[in-house]
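Our numbering numbers the first residue of the sequence shown as 6 and each following residue consecutively. Step one of this worksheet: look at the structure below.
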Amino acid sequence: RLNSEGGGSNFIPGARAQYTNTRVVTTTFAGSNLVLRYSTPTATTTPVTYDVVLRIGMPQLVRMDVPGDYIPTSGAAASQVQTLARFDLSAVNSPVFTVDRGYSGNGTTSYLDTNADPSVDFARASLNSAAYGAWASLNIAATNQHLMGDTAARVIVTPRLANDSLTIRAHSPSGLSSPAGSVTSSLGLSVANRDGASSRGAYKNGVLVVGDTAAPTAMPADLFVLRAGAAYSANQISAAFAGASMTAAQHLALYSALRSYLLAVGAAS
């Protein structure tokens with residue numbers, strides 16, 4: 006299965022759920038269950054920003070808050086989640102799955118379909134607030150090697166062009182690229198972030214590398230991994246997410262949490 010929810014051995018991977026906090030800072034293991042360690046609770050809680058967290062190479066990635074400091078992936082605590090919607094990934098044209106590494110595309114036809122329509126289904130994201138990101142495990146430099154995107158190419162995350170730059174689109178047909186030479190590896194987390202009617206930015210491994218004031222035109226009506234428009238990627242994706250805009254601190258926290266887990270399973274260096 007590409008995702009599951011509720012209790013059992015897995016916990017809300019690939020689902021959109023109602024959570025109350027975004028305080029994930031590190032991952033750890035307790036017995037046979039993967040759990041997420043939370044930082045000290047704040048005085049108030051805020052809605053989590055993610056509409057979709059995709060289970061790909063990771064057994065599970067959970068963004069939530071229940072009583073206690075650790076969030077187990079099975080048992081009684083795992084049942085305390087209110088799932089609002091669920092989007093099962095479809096593997097199209099046989100992308101290759103490797104345990105703890107993720108899915109690899111063939112660069113011509115294979116990709117993952119989230120089966121979600123962000124313009125309708127996403128409760129957190131909006132035209133002026135969105136983030137789309139994926140963790141690449143292969144160092145490929147090419148114009149059309151998009152990690153995420155949609156049919157109309159209003160969303161694109163391209164981790165590394167031949168001139169060593171990162172390119173994104175965030176609800177707009179116009180692209181935004183970091184300076185040549187600024188991104189020398191496609192490995193790690195690349196994110197397209199839309200944080201206003203006149204503000205968007207590209208993040209690499211939790212750090213903003215370029216931003217501008219281009220206005221959005223429309224949200225995507227679908228969302229893919231390893232594909233954008235008619236272009237398909239041969240990269241390998243270990244994790245991906247989509248949701249509302251994040252702050253600089255949240256981008257860095259998400260990168261750190263993902264990297265901690267992927268290091269633990271040997272999928273990152």
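All C-beta atoms in this analysis are idealised placements derived from N, C-alpha and C, irrespective of residue type, glycine included. Being a predicted model, the structure only gives us computed values, none of them experimental.
Taking the alpha helix (DSSP H) that residue i belongs to, which residues open and close that run?
{"i": "residue 126", "result": "123-126"}
Measuring alpha carbon to alpha carbon, tell me which residue in the options is nearest residue i.
{"i": "residue 105", "options": "142, 227, 133, 118", "result": "142"}
{"i": "residue 169", "options": "202, 260, 209", "result": "209"}
{"i": "residue 224", "options": "117, 121, 108, 94", "result": "121"}
{"i": "residue 214", "options": "206, 112, 220", "result": "206"}
{"i": "residue 212", "options": "148, 260, 125", "result": "260"}
{"i": "residue 190", "options": "102, 109, 101, 147", "result": "147"}
{"i": "residue 228", "options": "112, 203, 126", "result": "126"}
{"i": "residue 235", "options": "116, 243, 172, 95", "result": "116"}
{"i": "residue 237", "options": "94, 158, 130", "result": "158"}
{"i": "residue 240", "options": "201, 226, 271, 195", "result": "195"}
{"i": "residue 101", "options": "242, 199, 197, 183", "result": "242"}
{"i": "residue 111", "options": "272, 173, 136, 151", "result": "151"}
{"i": "residue 185", "options": "166, 221, 155", "result": "166"}
Tell me whether residue i sits in a helix, a strand or coil according to DSSP, three-state version.
{"i": "residue 241", "result": "strand"}
{"i": "residue 199", "result": "strand"}
{"i": "residue 263", "result": "helix"}
{"i": "residue 152", "result": "coil"}
{"i": "residue 231", "result": "coil"}
{"i": "residue 257", "result": "helix"}
{"i": "residue 268", "result": "helix"}
{"i": "residue 169", "result": "coil"}
{"i": "residue 218", "result": "coil"}
{"i": "residue 211", "result": "coil"}
{"i": "residue 134", "result": "strand"}
{"i": "residue 115", "result": "coil"}
{"i": "residue 161", "result": "strand"}
{"i": "residue 274", "result": "coil"}
{"i": "residue 194", "result": "strand"}
{"i": "residue 181", "result": "strand"}
{"i": "residue 186", "result": "coil"}
Is it buried or exposed for residue i, if we count other Cβ within 10 angstroms and need 16 for buried?
{"i": "residue 62", "result": "Here residue 62 scores only 39 on pLDDT, less than 50, and its place in the model is too uncertain to base an answer on."}
{"i": "residue 231", "result": "buried"}
{"i": "residue 178", "result": "exposed"}
{"i": "residue 181", "result": "buried"}
{"i": "residue 114", "result": "exposed"}
{"i": "residue 86", "result": "Note on residue 86: pLDDT 41, under 50, position unreliable in the model; the coordinate value appears next. With 16 or more Cβ atoms within 10 Å of its Cβ, residue 86 is classed as buried."}
{"i": "residue 254", "result": "exposed"}
{"i": "residue 160", "result": "buried"}
{"i": "residue 98", "result": "exposed"}
{"i": "residue 217", "result": "exposed"}
Write down the C-beta distance between residue i and residue j rounded to the nearest angstrom, noting that I regard them as a contact closer than 8 Å.
{"i": "residue 149", "j": "residue 192", "result": "18 Å between Cβ atoms; not a contact."}
{"i": "residue 249", "j": "residue 130", "result": "5 Å"}
What residue does the beta strand (DSSP E) around residue i start on, and which one ends it?
{"i": "residue 109", "result": "107-109"}
{"i": "residue 96", "result": "95-97"}
{"i": "residue 101", "result": "101-103"}
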